[in-house]
Amino acid sequence: MKKTILSVALLLTTGFLFAQKKTTTSAVINFDATTSIDALPKAENKTVIASLDTKTGKLAFEASVKSFSFSNPKIQEHFNNAGWMDSNQFPTASFTGKISNIDDVKFKKDGTYNVTVKGDLTIHGITNPVETTGSIMVNGKSLKTSADFSIKLADYKVNGSAVGAGKVSKEPNISVVAEF
Amino acid sequence: MLTTKINKKYKKWMIAIFVLLLTGGAVIWYLFTLKHDDTAGLKTDYTVKAMDFIKEFQKDLNGANSKYSEKIIVVNGVVSAIDIIDTTANIKMIDTANGAYIIFAFQKQHLNEAKQLKEGDEVSIKGSCSNGAFSNILETEYVTFKRCAINK
Numbered sequence: 542m543k544k545t546i547l548s549v550a551l552l553l554t555t556g557f558l559f560a561q562k563k564t565t566t567s568a569v570i571n572f573d574a575t576t577s578i579d580a581l582p583k584a585e586n587k588t589v590i591a592s593l594d595t596k597t598g599k600l601a602f603e604a605s606v607k608s609f610s611f612s613n614p615k616i617q618e619h620f621n622n623a624g625w626m627d628s629n630q631f632p633t634a635s636f637t638g639k640i641s642n643i644d645d646v647k648f649k650k651d652g653t654y655n656v657t658v659k660g661d662l663t664i665h666g667i668t669n670p671v672e673t674t675g676s677i678m679v680n681g682k683s684l685k686t687s688a689d690f691s692i693k694l695a696d697y698k699v700n701g702s703a704v705g706a707g708k709v710s711k712e713p714n715i716s717v718v719a720e721f
Numbered sequence: 004m005l006t007t008k009i010n011k012k013y014k015k016w017m018i019a020i021f022v023l024l025l026t027g028g029a030v031i032w033y034l035f036t037l038k039h040d041d042t043a044g045l046k047t048d049y050t051v052k053a054m055d056f057i058k059e060f061q062k063d064l065n066g067a068n069s070k071y072s073e074k075i076i077v078v079n080g081v082v083s084a085i086d087i088i089d090t091t092a093n094i095k096m097i098d099t100a101n102g103a104y105i106i107f108a109f110q111k112q113h114l115n116e117a118k119q120l121k122e123g124d125e126v127s128i129k130g131s132c133s134n135g136a137f138s139n140i141l142e143t144e145y146v147t148f149k150r151c152a153i154n155k
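Residue numbers (our numbering), protein chains in the order written: chain C, 542 to 721; chain L, 4 to 155.
Following this line, the structure appears as structure tokens:
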């Protein structure tokens with residue numbers, strides 16, 4: 542009996558110590574759709590939820606669309622309107638995927654590791670496969686993941702008049718940083 | 004005589020076009036340079052207690068979003084966690100019973116106020132409520148705020 546209790550306790554402790562899924566509620570996404578004629582469509586969301594499974598490489602993000610903060614309130618209004626992100630109907634944007642070379646990252650050794658991320662990105666209610674490169678910086682117990690990529694708004698059926706008029710980039714840049 | 008009439012008409016048109024251009028330019032300049040006001044000075048739409056506020060979203064997510072989204076709200080509660088990362092200072096109030104939480108991202112000019120808070124502090128935070136949602140990652144409800152300041 543004692544042996545059984547000891548074994549269960551050991552299993553639970555081991556599972557706790559080597560918990561692989563790390564989460565944060567303060568990941569940051571920067572969205573930059575500026576063009577040569579308009580420097581305003583640029584926003585930041587500092588309350589993004591993210592998770593990383595260091596064993597399997599599974600990576601996920603969830604961002605509330607209304608949490609993107611623009612410096613200009615009018616642009617923010619347009620961004621959330623039906624012609625753009627239609628945030629009342631599609632309140633969140635999300636990503637679920639995997640780091641394909643997670644075994645290359647030595648989580649017990651400080652350093653910056655280049656990674657490849659593949660997965661599905663859902664924006665405006667439309668899901669598309671994406672692939673990008675990024676990095677994981679290991680510093681003691683903290684991990685900092687980051688990636689920069691661009692998307693085609695047309696792929697997500699975001700095609701408001703400002704996009705057609707060249708005031709909003711058709712391929713905005715997105716940068717994602719999450720510290721665990 | 005005819006030349007003078009044409010000149011007068013031409014002059015009126017020129018003035019009208021000039022006034023229109025000036026007005027249009029002023030409107031465009033105004034729209035392009037518009038900035039969010041300091042939240043601390045904005046009129047409060049609602050004042051709520053953190054845990055009651057979370058429960059309202061858990062009970063009726065759509066109803067609570069219709070009521071509170073993009074409104075200026077003062078939330079009174081206890082600081083459960085502080086995330087300070089680079090230029091970010093987020094304050095969280097968590098319902099320990101189920102993990103549901105409110106998260107406040109502070110306005111640039113109020114970042115230092117957030118950095119001075121500690122876990123367990125009773126606080127009153129004023130901000131623009133973005134919305135509430137259910138997180139598939141955390142499997143709980145959450146409500147996000149942007150452009151926050153300490154309510155004094």
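For glycine and all other residues, C-beta sits at the position ideal for the given N, C-alpha and C.
- Distance from the CA atom of residue 684(C) to the CA atom of residue 564(C), rounded to whole angstroms, is 11 Å.
- Put simply, the CB of residue 613(C) is near chain L, with a gap under 8 Å to one of its CB atoms.
- 75(L) is the residue among 145(L), 86(L), 75(L), 92(L) whose C-alpha sits nearest the C-alpha of residue 41(L).
- Here the alpha carbon of residue 120(L) sits roughly 8 Å from the alpha carbon of residue 82(L).
- At least one CB atom of chain L sits nearer than 8 Å to the CB of residue 632(C).
- Spanning the alpha carbons of residue 25(L) and residue 33(L) requires a straight line of approximately 12 Å.
- Between the beta-carbon of residue 661(C) and that of residue 686(C) there is about 18 Å, and that puts the pair past the 8 Å contact cut.
- For the options 122(L), 112(L), 117(L), 108(L), the alpha carbon positioned closest to that of residue 148(L) is the one of 108(L).
- Inter-residue distance for residue 150(L) and residue 104(L) is about 17 Å (C-alpha atoms, whole angstroms).
- In summary, residue 130(L) is buried, with 16 or more beta-carbon neighbours lying within 10 Å of its beta-carbon over all protein chains present.
- The same chain holds no residue with a CB closer than 8 Å to that of residue 55(L) once the five nearest residues on each side in sequence are set aside.
- With a cutoff of 8 Å on beta-carbon distance, residue 668(C) and residue 688(C) are scored as not near each other.
- Not a single unbroken stretch of the alpha helix (DSSP H) spanning 4 or more residues falls wholly within the stretch 621-691 of chain C.
- Within its own chain, the residues whose Cβ lies closer than 6 Å to the Cβ of residue 719(C), once the five positions on either side in sequence are excluded, are 565, 568, 591, 686, listed in chain order.
- Considered as a whole, the stretch 73-118 of chain L harbours 75-81, 84-88, 91-97, 104-109 as its complete beta strand (DSSP E) runs of no fewer than 3 residues, in chain order.
- Around residue 117(L), the same chain offers 92, 94, 109 as residues with beta carbons nearer than 6 Å, after the five sequence neighbours per side are excluded.
- Any Cβ of chain L closer than 8 Å to the Cβ of residue 607(C) would place that residue at the interface, and such an atom is present.
- Taking 8 Å as the cut-off, the beta carbon of residue 620(C) is found closer than this to the beta carbon of residue 611(C).
- Going by DSSP, residue 64(L) is part of the alpha helix (DSSP H) stretching over 64-71.
- If you compare the alpha carbons of 584(C), 595(C), 634(C) with that of residue 721(C), the shortest gap goes to 595(C).
- The count of Cβ pairs closer than 8 Å, one atom from the stretch 642-654 of chain C and one from the stretch 675-684 of chain C, reaches three, so the stretches are in contact.
- Per DSSP, the unbroken beta strand (DSSP E) holding residue 594(C) starts and ends at 583-594.
- Listed along chain C are 565, 566, 567, each with a C-beta nearer than 8 Å to that of residue 86(L).
- Sorting 146(L), 111(L), 155(L), 23(L) by C-alpha distance to the C-alpha of residue 127(L) places 155(L) at the top.
- Residue 146(L): member of the beta strand (DSSP E) spanning 143-153, first to last residue.
- Per the DSSP secondary-structure output, residue 719(C) pairs in a beta bridge with 686(C).
- Taking the Cα of residue 70(L) as reference, the smallest distance to any Cα among 142(L), 113(L), 134(L) is reached at 134(L).
- Residues of chain L whose Cβ lies closer than 9 Å to the Cβ of residue 682(C) do not exist, since the nearest Cβ in that chain is about 14 Å away.
- One finds 610, 611, 612, 613, 614, 617 in chain C with Cβ atoms closer than 9 Å to the Cβ of residue 39(L), taken in chain order.
- Taking 7 Å as the Cβ-Cβ cut-off, the stretch 109-127 of chain L has no residue approaching chain C.
- Within 9 Å of the CB of residue 710(C), no CB atom of chain L is found; the nearest one sits about 17 Å away.
- Taking the Cα of residue 615(C) as reference, the smallest distance to any Cα among 37(L), 49(L), 97(L), 64(L) is reached at 37(L).
- Per DSSP, the beta bridge partners of residue 573(C) are 583(C), 714(C).
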